[in-house]
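See structure below.
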Amino acid sequence: MAEKLLVRALKGGKSTKIVTLNGKNMTKMPSMLEKLPGLKTLDLQNNRIPKVCPEISTLTQLTALNLGNNLLEEVPEEMKYLTSLKKLHLFGNKIHRFASGVCDGLQNLILLNLNNNQLTSIPQEISRLKSLTYLSINHNQLASIPRELCFLENLSELQLNYNQLICIPKEINFLKKLQKLLLVRNNIESLPEGLCDLLNLRILDIAGNVIQIFPPGFQDLKLREFYCEGNPLFLKQPVNAVKHKDIWSLQEITSRFIMNQLAEKDPFLMQAIEWYPQVRNIISQGRKCAICGKSFLTTWLECVEFFPPSKNWKISRNLQLVPLRILICSYKCFNQRDPNLFGIAQV
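Counting along the sequence shown from 1, when you hit position 186 you're at 187 in this note's numbering, and nothing is skipped either side.
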C-alpha cells in the first residue's frame with residue numbers, strides 16, 4: 002500500500018504537495034522523496050522509522066513534518082536544511098538528544114512537539130528557534146531547562162508537564178508573549194519572581210508540584226485559568242498571626258539582629274557570645290517563623306496577609322468549593338516591610 006501511494010505521489014512530481022503514509026509499518030523513510038521538491042506536508046507518523054534519510058534535506062519547501070510515534074533516538078541533524086519548516090511533530094519516539102546544529106536552519110519553525118520522549122536536557126541552541134510560538138515537551142525526563150529557552154521572545158505556549166523539573170529559570174520574565182504555561186506533575190518547589198512580569202499570561206497550571214509559597218506580585222497576574230491542586234500548601238492550616246506592636250523593645254531588636262547574624266555564622270559574634278551567658282540564655286528562647294524562617298524572640302509581627310484571587314481566575318472544579326486566599330509572608334525587620342514570599346492557603 003505504501004509503495005502505491007508513493008508511486009502516485011511521484012507521478013505528480015513537482016506538483017505533489019502532500020504525502021501521507023501513516024501506520025504503514027515502514028521501517029525506513031523512502032529516499033525517493035527527493036524527487037518531490039515541491040512537497041509541503043509529509044506525514045509519516047505511526048511507523049517504525051529509526052532515522053531519517055539524507056534525501057529529506059532536499060525538501061526545502063516543506064512546511065509540516067510529522068514523524069510522531071516512530072523509533073527516532075535524536076532530533077535529526079537533517080532538520081536544519083528544512084528552512085521553510087513551520088510545524089515539526091516528533092512525539093512518541095525515543096529521542097534523548099538533539100543532534101549538533103539542528104536548530105540552526107529552523108528559523109521559521111512555529112511549532113515543536115516533543116511529547117513522550119526520553120529527553121533529560123534541552124540544548125542552549127534552542128534559543129535559535131526565533132519564530133517558535135508553541136513548544137511542548139510533556140512526559141520526558143527533564144531535570145532542568147536552560148535559561149536560553151527564555152529568550153524565545155515569540156513563545157506563547159510552553160508545556161512541560163510530567164517531567165522532573167525542580168525550578169524554573171529566573172529569566173522567564175523575558176517571555177513577554179507567553180500566554181499559557183503548563184508545569185503539571187514536576188518537583189517544582191517555588192516559582193521565580195520574574196513569572197509575575199508576564200503580563201500576557203492567561204493560563205497557569207502548576208498542579209502536582211511541591212510549591213508552598215509564591216513570589217511577590219503573584220496576585221496581580223491577569224490570569225483567566227489557574228490550577229494548583231496537589232501542592233503541599235493545601236495540606237496546611239492557615240496561620241494565625243499576632244499583630245505587631247508599634248514599637249519594639251530594644252531587647253527584641255538586638256536579639257533579632259544577633260540571632261540572624263548567628264544563623265549566617267558571623268565569626269565575630271560567634272566568638273563574642275561565648276563571653277555572655279546571659280545573652281546566650283535569652284536568644285536560646287528564640288523561635289523561627291514557620292513560613293519565612295526568620296528569627297524572633299518575644300514580639301512577633303503580622304507575618305500573614307490574605308488577598309482574594311481575582312474573580313476572573315477560573316480554578317479547577319475540585320477547588321471551586323474551597324475559599325482561596327493568596328498568602329503573603331512579610332517578615333518586617335526594623336520597621337521595613339520586606340514581602341518576599343507568597344503562597345496559597347485554605348481559609
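Note that the Cβ used here is the ideal one computed from N, Cα and C, for glycine as well.
Computed from a predicted model, the values in this text were never measured in an experiment.
Beta-carbon proximity of residue i to residue j, cut-off 9 Å
i: L196; j: I167; result: no
i: L107; j: T134; result: no
i: G114; j: L183; result: Position check: residue 114 holds Asn in this sequence, whereas Gly was assumed. Cβ atoms of N114 and L183: not closer than 9 Å.
i: S137; j: E158; result: yes
i: N174; j: N210; result: no
i: R98; j: E79; result: no
i: I204; j: Q180; result: yes
i: L120; j: L143; result: yes
i: N287; j: L270; result: First, the amino acid is wrong: residue 287 is Gly here, not Asn. Against a cut-off of 9 Å, the Cβ pair of L270 and G287 comes out as no contact.
i: L73; j: I96; result: yes
i: P31; j: L22; result: yes
i: I316; j: Y228; result: yes
i: I50; j: L83; result: no
Reduced DSSP secondary structure (H/G/I, E/B, other) of residue i
i: Q238; result: Unreliable placement is indicated for Q238, whose pLDDT of 43 sits below 50; the coordinate value is still reported in the next sentence. DSSP places Q238 in coil when its eight states are reduced to three.
i: A65; result: strand
i: L72; result: coil
i: E230; result: coil
i: N282; result: helix
i: L325; result: Since pLDDT at L325 reaches only 45, below the 50 mark, its modelled position is unreliable, and the value read off the structure follows with that caveat. Strand at L325.
i: F335; result: Low confidence applies to F335: its pLDDT is 29, below 50, so where it sits in the model is not reliable enough to give any reading.
i: N114; result: strand
i: D44; result: strand
i: N319; result: With a pLDDT of only 49 at N319, under the threshold of 50, the placement of this residue in the model should not be trusted; the figure read from the coordinates follows. N319 falls in the helix class under three-state DSSP.
i: F92; result: coil
i: L205; result: strand
i: L302; result: Model confidence at L302 stands at a pLDDT of 47, short of 50, so the residue's coordinates are unreliable and nothing is read from them.
i: R257; result: helix
i: S296; result: strand
i: G59; result: Note on residue identity: the sequence assigns Thr, not Gly, to residue 59. Correct three-state label for T59: helix.
i: V288; result: It should be noted that the sequence gives Arg, not Val, for residue 288. Three-state DSSP puts R288 in a strand.
i: I19; result: strand
i: I123; result: coil
i: I212; result: coil
Closest residue to residue i among the options (Cα-Cα distance)
i: Q125; options: C104, A144, N109 and S311; result: C104
i: N141; options: L298, S132, E226 and S122; result: S122
i: M27; options: E35, Q46 and L110; result: Q46
i: L200; options: L176, S101, S132 and I283; result: L176
i: L43; options: L86, I284, C151 and Q262; result: L86
i: L110; options: N118, D198 and L63; result: L63
i: K18; options: N261, L37, S32 and G24; result: L37
i: L161; options: N117, E56 and Q213; result: N117
i: L91; options: I283, N71 and K81; result: N71
i: P216; options: K178, L192, F227 and N232; result: L192
i: N67; options: N94, P55, A273 and T84; result: N94
i: G218; options: G231, N232 and E194; result: E194
i: K88; options: N164, G69 and N313; result: G69
Heavy atom of the ligand ADP within 8 Å of residue i beta-carbon
i: R281; result: Absent from the structure shown: the ligand ADP. Ligands present: none.
Complete runs of the beta strand (DSSP E) confined to the region 133–197 [at least 3 residues]: 135–137, 158–160 and 181–183
Touching by the beta-carbon criterion (3+ pairs, under 8 Å), the region 253–272 and the region 210–225: no
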